[in-house]
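Plus 2 on top of the position in the sequence shown (first one is 1) and you've got the working numbering. For every residue, glycine included, the Cβ atom is placed at its ideal position computed from N, Cα and C.
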Amino acid sequence: MTTNDYDRVRAGIEAMTAYISGEPAMDAYIADIRAKDGNLDHLADSATALCAALLFQIAGMTGKTQHEVLQELAHGLNRSEAEQQG
3 MTTNDYDRVR
13 AGIEAMTAYI
23 SGEPAMDAYI
33 ADIRAKDGNL
43 DHLADSATAL
53 CAALLFQIAG
63 MTGKTQHEVL
73 QELAHGLNRS
83 EAEQQG
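Dropping the structure here:
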């Protein structure tokens, strides 16, 4: 398991790269993690670390608080879901 923020964020980038590459790539990535240590807890930790780093960066770039950025994301997702359903 990674112990510093750099390694956690890097692992998050690897996981998200596999995720956006499609289901076969993500399946292979998860199988590789399971083969190495059988523990997927660090996958969630890595994704959380990446999200936190991105949130910090977006807040800094926009001049908004991290809470405001999260609220805007939530509202945007709600709007998208409503449009897809309606």
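Residue range of the unbroken alpha helix (DSSP H) whose run includes residue i
i: residue 67; result: No alpha helix (DSSP H) holds residue 67; DSSP gives it neither H nor E.
Contact check, residue i vs residue j, beta carbons under 8 Å
i: residue 52; j: residue 18; result: yes
i: residue 68; j: residue 75; result: no
i: residue 13; j: residue 20; result: no
i: residue 10; j: residue 48; result: yes
Nearest to residue i (by Cα), restricted to the options the options
i: residue 7; options: 77, 50, 82; result: 50
i: residue 5; options: 44, 79, 55, 23; result: 44
Helix, strand or coil at residue i according to DSSP, with G and I counted as helix
i: residue 80; result: helix
i: residue 24; result: coil
i: residue 7; result: helix
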